[in-house]
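**Student:**
There are 2 protein chains.
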Amino acid sequence: MIGLIRVFTANDNEVLQSHGKIIEEQHGIPILSKSIPDQPLGIYDDESERIAVPKIVDLGVQMEREGCRAIIISCAADPAIRELRSRVSIPVIGGGSSAAHVARALGLPVGVMGITEGVPPVMRDILGDLISGYLRPEGVTNTTDLLTEEGRGKALEAAKTLIGQGAKAIVFACTGLSTIGFAETLRKELKVPVIDTVESEGFMAANYYKQAGAI
Amino acid sequence: MIGLIRVFTANDNEVLQSHGKIIEEQHGIPILSKSIPDQPLGIYDDESERIAVPKIVDLGVQMEREGCRAIIISCAADPAIRELRSRVSIPVIGGGSSAAHVARALGLPVGVMGITEGVPPVMRDILGDLISGYLRPEGVTNTTDLLTEEGRGKALEAAKTLIGQGAKAIVFACTGLSTIGFAETLRKELKVPVIDTVESEGFMAANYYKQAGAI
Chain A
1 MIGLIRVFTA
11 NDNEVLQSHG
21 KIIEEQHGIP
31 ILSKSIPDQP
41 LGIYDDESER
51 IAVPKIVDLG
61 VQMEREGCRA
71 IIISCAADPA
81 IRELRSRVSI
91 PVIGGGSSAA
101 HVARALGLPV
111 GVMGITEGVP
121 PVMRDILGDL
131 ISGYLRPEGV
141 TNTTDLLTEE
151 GRGKALEAAK
161 TLIGQGAKAI
171 VFACTGLSTI
181 GFAETLRKEL
191 KVPVIDTVES
201 EGFMAANYYK
211 QAGAI
Chain B
1001 MIGLIRVFTA
1011 NDNEVLQSHG
1021 KIIEEQHGIP
1031 ILSKSIPDQP
1041 LGIYDDESER
1051 IAVPKIVDLG
1061 VQMEREGCRA
1071 IIISCAADPA
1081 IRELRSRVSI
1091 PVIGGGSSAA
1101 HVARALGLPV
1111 GVMGITEGVP
1121 PVMRDILGDL
1131 ISGYLRPEGV
1141 TNTTDLLTEE
1151 GRGKALEAAK
1161 TLIGQGAKAI
1171 VFACTGLSTI
1181 GFAETLRKEL
1191 KVPVIDTVES
1201 EGFMAANYYK
1211 QAGAI
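So the sequences go chain by chain: A and B.
Here my numbering is used: the first residue of the first sequence is 1, the next is one more, and so on.
Here my numbering is used: the first residue of the second sequence is 1001, the next is one more, and so on.
1. Please go through the stretch 36-99 of chain A and give each complete alpha helix (DSSP H) segment of 4 or more residues, from N-terminal end onward.
2. Quick check on this structure: which residue in S18(A), A10(A), D46(A), R50(A) has the alpha carbon closest to the alpha carbon of S35(A)?
3. What distance in whole Å lies between the Cβ atoms of I1081(B) and A1205(B), which are believed to be in contact at a cut-off of 8 Å?
4. What alpha helix (DSSP H) runs, 4 residues minimum, are completely inside the stretch 176-200 of chain A?
5. Using a Cβ-Cβ distance cut-off of 9 Å, determine whether G1153(B) contacts chain A.
6. Using 8 Å as the threshold, is the stretch 1061-1080 of chain B in touch with the stretch 73-90 of chain A, meaning 3 or more CB pairs across them?
7. Suppose you measure from the CA of A1052(B) to the CA of Q1062(B); what does that come to, to the nearest Å?
8. I'd like to know whether the C-beta of K1191(B) is nearer than 9 Å to at least one C-beta of chain A.
9. Among the candidates A169(A), G164(A), R136(A), whose CA atom is the shortest distance from the CA of K154(A)?
10. Along the stretch 1095-1124 of chain B, what residues have a CB closer than 8 Å to any CB found in chain A?
11. For K1055(B), count neighbouring C-beta atoms within 10 Å of its own C-beta (all shown protein chains included) and say buried if the count is 16 or more, exposed if not.
12. Which two residues bound the contiguous alpha helix (DSSP H) that contains A158(A)?
13. For K210(A), name the three-state secondary structure that DSSP assigns.
14. Would you mind telling me which residues of chain A sit closer than 8 Å to M1204(B), beta carbon to beta carbon, in chain order?
15. Assuming L156(A) and I180(A) make a contact with CB atoms under 8 Å, what is their CB distance in whole Å?
16. Count the other CB atoms, across all protein chains shown, that sit within 10 Å of the CB of L59(A); report buried if there are 16 or more and exposed otherwise.
17. Using a Cβ cut-off of 9 Å, which residues of the stretch 151-176 of chain A contact any Cβ in chain B, in chain order?
18. When you compare the CB of I93(A) with every CB in chain B, is at least one pair closer than 9 Å?
19. Less than 8 Å between the CB atoms is what I'm expecting for A105(A) and S1097(B), so what's the real figure, rounded?
20. Inspect the CB distances between the stretch 1168-1180 of chain B and the stretch 1106-1115 of chain B and report whether three or more fall short of 8 Å.
21. Give the straight-line distance between the Cα atoms of M113(A) and A183(A), rounded to the nearest whole angstrom.
22. G1067(B) and M1001(B) look like a contact to me (Cβ under 8 Å); what is the Cβ gap, rounded to whole Å?
23. Given a limit of 8 Å on CB to CB distance, which residues of the stretch 1005-1030 of chain B reach chain A?
24. According to DSSP, is I1023(B) part of a helix, a strand, or is it coil?
25. I29(A) and K1191(B): beta carbons closer than 9 Å?
26. Just the C-alpha distance for A77(A) and T1175(B), rounded to the nearest angstrom, thanks.
27. Can you tell me the Cα-Cα spacing of I1115(B) and T185(A), whole angstroms?
28. Identify the contact partners of I1215(B) in chain A, using a Cβ-Cβ distance below 7 Å as the criterion.
29. Report yes or no: is there a C-beta of chain A within less than 9 Å of the C-beta of Y1066(B)?
30. Closest Cβ-Cβ distance between R1085(B) and chain A: below 9 Å?
31. When DSSP builds the beta bridges, which residues end up paired with M113(A)?
32. Whose Cβ in chain A lies nearer than 8 Å to the Cβ of S1089(B)?
33. Can you tell me which of the three DSSP states G1003(B) falls into?
34. Using only the alpha-carbon positions, how far apart do D1196(B) and S1178(B) sit?
35. Report buried or exposed for P79(A), applying the criterion of at least 16 other Cβ atoms within 10 angstroms of its Cβ.
36. Is there at least one Cβ from chain B nearer than 9 Å to E184(A)'s Cβ?
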C-alpha cells in the first residue's frame, strides 16, 4: 500500500480520493489517501505552509506505522518533504519534484503551468535552465477556476503561448490540472507531451512499489 | 519505436539486444538497438569518449529520421547526451541521469556501485548529498568480471558494505550490473531497494512512449 497525503482538509470523499484514484487506475497499485486536519483552504502562503508541516509529518509517520511502503505528498510544492523524510525510513515522494525529475530525464525545454505566482522553488531548483517559460492562466488563481469552460480556455491559451516561447513539453506545477484531466486535452489538441504532477508522483511510486514486495 | 544506442561496437546480436530486451520485457514497448562502429572496447577514458561522441550523435540523428519517438543512450555516463539533444527534437534519455533522477525522486540515501574509479559526473551532479558512498567491487574493472562467481560475490560484498555505511538503497552506475540481473540478487538477498540503470532508462522511455501515440 502507498500512502497519499492531500495538503488541505477534504470534507468530500470523492475529492479526497481523486489523486489516488488516478494512480490506482494507471498503475493498479493500492493507495491510502488521507488529508490534513483543520485546513480547508490548504496551503496558500508561508504561514499556512508553516502550520501544515507538522500535520503532514504526523500523517506520514502514522502511514508508515500502518504499513505503507512509500508516501506521496501530493502537491507541486512538496511541502514538508524534508521534515517527513527525516522522520520515516520509507521513500517520501513529492508531486513537484517527481514531475521535475521526469522532465529532466527527458531533457526537452519545458513550459511550466500553474496557478501560483511562479514555479514552486523545489521544481525550479531541479528544472533550472530547462524552463523556457512559466504561465498562470489568466484569471485562474485557484483550482476551481479551472473547472469552468472559460478557465479551461484560458489554460489552453497559456499552453499555446508557452509553446510559442519555445517549450517542447508542458510541465504541470499544480495538481488541479491533473484532477481535471488537462494533460489529455493538451496532448490531443496541441500534440504536445505533458508531464503531469499526479501522473509523475504515481509513476515514481508504482515503480518503487513493484520491488517493494521483494524487499 | 524507441531507439537505443550501445556505446561500444557489438559484434554479437545477443549482446547488442540485451538492454533492449530487458526494456521490451518489462514494458512491452518496441526497441531498436544499434551500436557505434569501430569501438569494440567502448568508452574507457577521455579520448575514447571524445571519439565516440560524433558516432553517438550520428546514430541518434539517423534513429530520429527512421521514426524513433525517443532515444536512449544506454550508459551510466550519458556520453554525448548534450550534443545529441542539440541535434534532434525528440527526447534523449541517458541511463545514468535516469537512474539518478529516480533515486532523487525517492529521496533515500544511496550507495552507488559501478566499475569505474568514481561516480560518473552526470550522476554525481544529480545525486549530490544523497550519496552515502561509492564502491567498485574488488577486482572488478570491466563488465565481464561480473560474470564470474567470484565477481558476483565481490559485488554482493560491496553492496553490503554500502548498506553498512548508511545506504538505504543501491544505485547502479554501470549497465553491466543490469545485464547480469544483479538487482534481483540484491533485492532477494539483502532486502534492499535497487535503482538499476537499464530499468530506469526503460522506465523513463516507456512513460514517455505511452503518450507519444497521442501527440
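We treat Cβ as the ideally placed atom computed from N, Cα and C, and that holds for glycine.
**Tutor:** Well, looking at it:
1. Entirely contained in the stretch 36-99 of chain A, the alpha helix (DSSP H) runs reaching 4 residues are, in chain order, 46-65, 81-85.
2. Stepping through the first sequence from its first residue, residue 35(A) is reached at position 35. The closest CA to that of S35(A), considering only S18(A), A10(A), D46(A), R50(A), is found on A10(A).
3. Within the second sequence, numbered from 1, the residue matching residue 1205(B) stands at position 205. Within the second sequence, numbered from 1, the residue matching residue 1081(B) stands at position 81. Contact flag wrong, Cβ pair sits at about 14 Å.
4. You should have 182-190.
5. Here residue 1153(B) corresponds to residue number 153 of the second sequence, with the count starting at 1. Taking 9 Å as the CB threshold, G1153(B) stays off the interface with chain A.
6. Touching, no.
7. In the second sequence, the residue the question calls residue 1052(B) occupies position 52. In the second sequence, the residue the question calls residue 1062(B) occupies position 62. Annotation: A1052(B) to Q1062(B) spans about 16 Å, alpha carbon to alpha carbon.
8. By one-based count along the second sequence, residue 1191(B) stands at place 191. Using a Cβ-Cβ cut-off of 9 Å, K1191(B) counts as an interface residue toward chain A, since at least one Cβ of chain A sits closer than that to its own.
9. Reading the first sequence from its first residue, position 154 is the one you call residue 154(A). Ranked by Cα distance from K154(A), the first of A169(A), G164(A), R136(A) is R136(A).
10. Those residues of the stretch 1095-1124 of chain B that come within reach of chain A (Cβ to Cβ, closer than 8 Å) are S1097, S1098, H1101, V1102, R1104, A1105, L1106, G1107, L1108.
11. Mapped onto the second sequence, residue 1055(B) falls at position 55. Result: buried.
12. Reading the first sequence from its first residue, position 158 is the one you call residue 158(A). Secondary structure note for A158(A): its alpha helix (DSSP H) is the uninterrupted segment 149-164.
13. One-based indexing of the first sequence puts residue 210(A) at position 210. Three-state result, K210(A): helix.
14. Residue mapping note: residue 1204(B) aligns to position 204 of the second sequence, counting from 1. Contact annotation for M1204(B) against chain A: V102, A105, L106 [CB-CB distance below 8 Å, chain order].
15. Translated into positions along the first sequence, residue 156(A) becomes position 156. Translated into positions along the first sequence, residue 180(A) becomes position 180. The pair is not a contact, with the Cβ atoms about 12 Å apart (cut-off 8 Å).
16. For the purposes of this step, residue 59(A) is taken as the residue at position 59 of the first sequence. Buried is the label assigned to L59(A), since at least 16 other Cβ atoms lie within 10 Å of its Cβ.
17. Cβ contacts with chain B come from K168, A169.
18. Counting from one through the first sequence, the residue named residue 93(A) turns up at place 93. Yes, I93(A) lies at the interface with chain B (some Cβ there is under 9 Å from its Cβ).
19. Mapped onto the first sequence, residue 105(A) falls at position 105. Mapped onto the second sequence, residue 1097(B) falls at position 97. Between A105(A) and S1097(B) a beta carbon distance of about 6 Å is seen, short of the 8 Å cut, so the two are scored as contacting.
20. In short, these stretches touch, since the Cβ pair count reaches three.
21. Within the first sequence, the letter at position 113 stands for residue 113(A). Within the first sequence, the letter at position 183 stands for residue 183(A). Straight through space, the alpha carbons of A183(A) and M113(A) are spaced by roughly 11 Å.
22. Residue mapping note: residue 1067(B) aligns to position 67 of the second sequence, counting from 1. Residue mapping note: residue 1001(B) aligns to position 1 of the second sequence, counting from 1. About 6 Å; that satisfies the 8 Å criterion.
23. Within the stretch 1005-1030 of chain B, no residue has its Cβ closer than 8 Å to any Cβ of chain A.
24. Along the second sequence, read from residue 1 onward, the residue named residue 1023(B) stands at position 23. The answer is helix: DSSP assigns I1023(B) an H, G or I state.
25. Position 29 of the first sequence, counted from the start, is the residue given in the question as residue 29(A). Position 191 of the second sequence, counted from the start, is the residue given in the question as residue 1191(B). Not in contact: I29(A) and K1191(B) (Cβ atoms no closer than 9 Å).
26. Along the first sequence, one-based indexing puts residue 77(A) at 77. Along the second sequence, one-based indexing puts residue 1175(B) at 175. Distance between the alpha carbons of A77(A) and T1175(B): 33 Å.
27. One-based indexing of the second sequence puts residue 1115(B) at position 115. One-based indexing of the first sequence puts residue 185(A) at position 185. Straight-line Cα distance between these residues: approximately 45 Å.
28. Here the question's residue 1215(B) lines up with position 215 in the second sequence. Neighbours of I1215(B) across chain A, judged by C-beta separation under 7 Å: R187, K191, V192, P193.
29. Translated into the one-based positions of the second sequence, residue 1066(B) becomes position 66. The amino acid at residue 1066(B) is misidentified as Tyr; the sequence shows Glu. The Cβ of E1066(B) sits no closer than 9 Å to any Cβ of chain A.
30. Numbered from 1 along the second sequence, position 85 holds the residue referred to as residue 1085(B). Yes, contact with chain A.
31. Position 113 of the first sequence, counted from the start, is the residue given in the question as residue 113(A). The partner list for M113(A) (beta bridge, DSSP) reads L135(A), F172(A).
32. For the purposes of this step, residue 1089(B) is identified with residue 89 of the second sequence, where counting begins at 1. Those are K168, listed as they occur along chain A.
33. The residue given as residue 1003(B) occupies position 3 in the second sequence. The answer is strand: DSSP assigns G1003(B) an E or B state.
34. Residue mapping note: residue 1196(B) aligns to position 196 of the second sequence, counting from 1. Residue mapping note: residue 1178(B) aligns to position 178 of the second sequence, counting from 1. Straight through space, the alpha carbons of S1178(B) and D1196(B) are spaced by roughly 6 Å.
35. Reading the first sequence from its first residue, position 79 is the one you call residue 79(A). The residue is buried, with at least 16 neighbouring Cβ atoms inside 10 Å.
36. Position 184 of the first sequence, counted from the start, is the residue given in the question as residue 184(A). Interface residue, yes.
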